[in-house]
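The next block holds one structure in the form of structure tokens; read it before the comments.
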Amino acid sequence: MKTIVIATLLFCWGAAQPLFSQVSFPSFLEGTWKVDNKEQYEQWDRINEHELKGLSYTLKNGQKIVSEYLKLTKIKDKVVYTALVIGQNHGKEVNFELSYQDSTYSFINEAHDFPNYIRYTPVATDRLHIVVEGKSGRARSFYASRIAPTTTEGNPNYDQELAKKLGADDYGMKSYIFVLLKTGENKTTDKQFINECFKGHMENINRLVKNGQLIVAGPFGKNDDNFRGLFILNNMASTDAAKHILENDPAIKNGLLEASFYPWYGSAALAEYLSQVDKIWKKQH
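Counting from 1, position 23 in the sequence shown corresponds to residue 26 in the numbering used here; the numbering is continuous, with no gaps.
This is the structure:
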């Protein structure tokens, strides 16, 4: 498994023995944290009392460049920190479990190559000392401060109810799964089989749209890369969840299409255009 690159903060504490039943959910991480003297940030948004979703990013020329998608989830008596690093670990998530000792919170994964421990020690209400460490003793240490939240003063049009409904963060953004569809390895010329598979493919698309899980779908024009189409999937907990809802799509299942999955960060308002779709077409495909 490739090393997780900590481009920004990854919040946790201590290397204690797991004391999960004594550790409360680290909801104090909610907010946006900035590493001292660097344009590196980690942002956590509350989903509910048992889950935070976050992302690590840098700012370059005013543009946000996301490096990791993060999640904190309380599962029974454990708190699990999940990191999905863009371009690493074959697109798979890496889990760390929370432990607590001496005012330090630790997310621990002994089996990972690096890091094995991500330690967070609060030194003030809006101040953290973070240590990212491997079993070999290799470590990085830095401080981070919580920065002031975005206020409505910067946007007189801000609609709190709409932002909440759409699952928007403070920037009006949210995480999606981007699916790239390419020509698959099945080169059959059986027209009846192909037609049946793509009929089922369209039925699956309509079902996902109805469920609010698919918000963008469309074909590419002719190209040299065998790109056939794309999906943007909404409200997906992980890439594995996205793969699960497409695994029975007949065109994908039978190898006529090949799907690749990527975390994607975009406007939370993207789904709003769907309410207008049935008002603008004259002919069905």
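A virtual CB, placed ideally from N, CA and C, is assigned to each residue, including glycine.
| query | result |
| --- | --- |
| Within 8 Å, strictly: CB atoms of residue 29 and residue 146 | no |
| Residue 226 to residue 184 span [Cα, whole Å] | 13 Å |
| DSSP-derived helix/strand/coil call for residue 278 | helix |
| Stretch-stretch touch, CB-based, cutoff 8 Å, three pairs: the segment 52 to 62 with the segment 70 to 80 | yes |
| Nonlocal neighbours in the same chain, by C-beta distance under 6 Å from residue 39, ignoring five residues either side | 146 |
| Buried versus exposed call for residue 24 [16 or more other C-beta atoms within 10 Å across all chains shown] | The predicted model places residue 24 with a pLDDT of 40, which falls under 50 and marks its position as unreliable; any figure quoted below should be read in that light. By the 10 Å Cβ count, residue 24 comes out exposed. |
| Given residue 266 as reference, the closest of 81, 91 and 35 once Cα atoms are compared | 91 |
| Given residue 41 as reference, the closest of 50, 163, 63 and 27 once Cα atoms are compared | 63 |
| Neighbourhood of residue 156 by C-beta, 6 Å cutoff - its chain only, sequence neighbours within 5 removed | Unreliable placement is indicated for residue 156, whose pLDDT of 48 sits below 50; no coordinate value is reported for it. |
| Residue 46 - DSSP class collapsed to helix/strand/coil | strand |
| Uninterrupted beta strand (DSSP E) stretches inside the segment 135 to 173 (no shorter than 3 residues) | 142 to 149 |
| Cross-strand partners of residue 68 (DSSP beta bridge) | 61 |
| Residue span of the alpha helix (DSSP H) that contains residue 254, given as start and end | 253 to 256 |
| Counted within 10 angstroms of its Cβ, other Cβ atoms place residue 207 as buried (16 or more) or exposed | buried |
| Neighbour-count burial assignment, residue 93, 16 or more Cβ in a 10 Å radius | exposed |
| Among 61, 99, 95 and 87, nearest to residue 77 - alpha-carbon criterion | 99 |
| Option in 287, 122, 104 and 259 with minimal Cα separation from residue 112 | 122 |
| Residue 118 burial status per 10 Å Cβ neighbour count (16 or more: buried) | buried |
| Neighbourhood of residue 17 by C-beta distance below 7 Å, restricted to the same chain and skipping five residues each side | Because residue 17 carries a pLDDT of 36, less than 50, the predicted location of this residue cannot be relied on, and the following value inherits that uncertainty. So the list reads 102, 103, 104, 105, 107, 108, 109 and 122, once near-sequence residues are dropped. |
| Closest Cα partner of residue 151 within the set 277, 46, 285 and 282 | 46 |
| Segments assigned alpha helix (DSSP H), at least 4 residues, entirely inside the segment 208 to 252 | 242 to 249 |
| Of the listed residues 136, 287 and 241, nearest to residue 180 (C-alpha basis) | 241 |
| Pairwise C-alpha distance: residue 128 and residue 170 | 26 Å |
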